[in-house]
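Engineer:
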Amino acid sequence: MRIFNAILPAVVMVPLAGGIAFADAGHGHYKFGEPGQESEVTRAVEVIADDADGMELIMDVGTIQQGETIKFVITNKGAGDHEFSVGDTASQRAHAKLMAKNPDMKHDDDPSAVTLAPGETKTVIWKFNKPVQGNIVFACQMPGHYEAGMVHQAKLAKSKKTG
Ligand SMILES: [Cu+2]
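Count along the sequence shown from 1, then add 3; that gives the number in our numbering.
Here it is as C-alpha cells:
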C-alpha cells in the first residue's frame, strides 16, 4: 500500500505535463504583425466579449492602416470565460485546431491573445506592420465560440506611398 501511494501521483502528472508542452506549439512569430509597445500606441479600441444574447465580440476598429499600433482593452461581460486573439485568416484557423485539441489552453506566453474570466479586463497591444492575406481577424477560440459568432474582421489598408 505504501508503494502504491508513492507511485500514483507520478502517474497523474504525466498527462498534465504533456498538455503544457503542447500549448507552446504554434506560437513565436507572427505573419500579421508583432507585439506593440505602449509608447507606440496610435489609438485605443474598446472590446466587449459577451454571451448574454448570443456570442459576440463587440468592437468598432474600422479599417486598420498598415503601420498602426492599436491598444485593445478587452472586458469580458459574459457569464463564461472568453478570449480575444489577434490574427489573420490562416492563423485563426491554426489557432482553432490547437484549441480543439487542447480546450483549456491559456495564452500566458502569447502576446497576441488573452483569456478572460467573467468580469476581467485585459489589454493587447498589437503593431499591424505587415501585409496580410485577406483580413485581420479577431476571435474567441474557446471551442464553439467562433462558430457561434465571436469573430470580428477588419480590413488592413496598405500604407500609402505617393501615387
Ligand atoms: Cu468566447
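Glycine included, every Cβ here is placed at the ideal spot set by N, Cα and C.
Could you tell me if the beta carbon of residue 52 falls within a distance shorter than 7 Å of some heavy atom in ligand 1?
Structural biologist: Yes, since a heavy atom of ligand 1 falls inside the 7 Å radius drawn around the Cβ of residue 52.
Engineer: Report yes if the C-beta distance between residue 152 and residue 57 is below 8 Å; otherwise report no.
Structural biologist: For residue 152 and residue 57, yes; Cβs fall inside 8 Å.
Engineer: Starting from the Cα of residue 115, find the closest Cα among 50, 66, 141 and 133 and give me that residue.
Structural biologist: Per the Cα distances, 141.
Engineer: Using a Cβ-Cβ cutoff of less than 6 Å, which residues in the same chain neighbour residue 156 once the five nearest sequence positions on both sides are dropped?
Structural biologist: Hits under 6 Å: 138 and 140.
Engineer: Does the Cβ of residue 86 lie closer than 7 Å to at least one heavy atom of ligand 3?
Structural biologist: Among the ligands present in this structure, namely ligand 1, ligand 3 is not found.
Engineer: Excluding sequence positions up to five away, which residues of its chain have a Cβ less than 7 Å from the Cβ of residue 25?
Structural biologist: Low local confidence applies: a pLDDT of 38 at residue 25 is under 50, so the model's placement there is unreliable, with the coordinate-based value given in what follows. Result list for residue 25: 105, in chain order.
Engineer: Between residue 68 and residue 32, what straight-line distance do the alpha-carbon atoms span, to the nearest angstrom?
Structural biologist: Going from the Cα of residue 68 to the Cα of residue 32 covers about 21 Å.
Engineer: Grouping DSSP H, G and I as helix and E and B as strand, with all else coil, what is residue 42?
Structural biologist: The answer is helix: DSSP assigns residue 42 an H, G or I state.
Engineer: Note down, in chain order, each residue of its chain lying with its Cβ closer than 6 Å to the Cβ of residue 64, except the 5 sequence neighbours on either side.
Structural biologist: Cβ within range, chain order: 48 and 157.
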